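Heads up, the thing below is written out as structure tokens.
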Amino acid sequence: MNKAELVTAMATKSGLTNASAEKALNALTAAVTQSMKKGQRVGLVGFGSFSVVKRSARTGRNPQTGKEITIPAKKVVKFKPGADLVL
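Using my numbering, read the sequence shown as starting at 80 and increasing by one per residue.
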């Protein structure tokens, strides 16, 4: 499902117009993104939770040359599904 299909599904299930559903989806995305950039956890009961975790630096290999490279440390988003989402 892509963004357009999600907007259409949201509009159909909620009785909103496609434009209103897209605004709601964009607002949700912006709010989650802003919280994640601050390092905060975002939990949606029944759906799941998003959190920021630090990934430490590590060594890897260039698949073309086989040469070892250093992969720098960075922060990544982790998603843990809620009980209602587990299939």
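Yeah, the Cβ is synthetic: ideal placement off N, Cα and C, and Gly gets one too. The structure presented is a predicted model; accordingly, all values stated were derived computationally and were not measured.
Are residue 156 and residue 115 close, meaning C-beta to C-beta below 8 angstroms?
Taking the first residue of the sequence shown as 1, we reach residue 156 at position 77. Taking the first residue of the sequence shown as 1, we reach residue 115 at position 36. Residue 115 sits close to residue 156, with the two beta carbons spaced by under 8 angstroms.
Inter-stretch contact at 8 angstroms, needing at least 3 Cβ pairs: the region 145-162 / the region 124-133
Judged by Cβ distances under 8 angstroms, the region 145-162 makes contact with the region 124-133, as three or more pairs qualify.
Quick one: give me the first and last residue of the alpha helix (DSSP H) that residue 111 is part of.
In the sequence shown, counting from the first residue as 1, residue 111 sits at position 32. From DSSP, the alpha helix (DSSP H) with residue 111 extends over 97-116.
Span of the alpha helix (DSSP H) around residue 82:
Mapped onto the sequence shown, residue 82 falls at position 3. Counting along the chain, the alpha helix (DSSP H) containing residue 82 begins and ends at 82-93.
Assigned secondary structure, residue 127 (DSSP; H/G/I helix, E/B strand, else coil)
Position 48 of the sequence shown, counted from the first residue, corresponds to residue 127. It is a strand residue.
What residue does the beta strand (DSSP E) around residue 151 start on, and which one ends it?
Mapped onto the sequence shown, residue 151 falls at position 72. Element bounds for residue 151: n/a, residue is neither H nor E.
Report buried or exposed for residue 109, applying the criterion of at least 16 other Cβ atoms within 10 angstroms of its Cβ.
Counting from 1 along the sequence shown, the entry for residue 109 is found at position 30. Exposed: under 16 other Cβ atoms inside 10 Å.
Pop quiz: residue 140 and residue 150 are said to be a contact at Cβ under 8 angstroms. What is the actual Cβ separation, rounded to whole angstroms?
Position 61 of the sequence shown, counting from 1, holds the residue named residue 140. Position 71 of the sequence shown, counting from 1, holds the residue named residue 150. So it is not a contact: roughly 10 angstroms between Cβ atoms.
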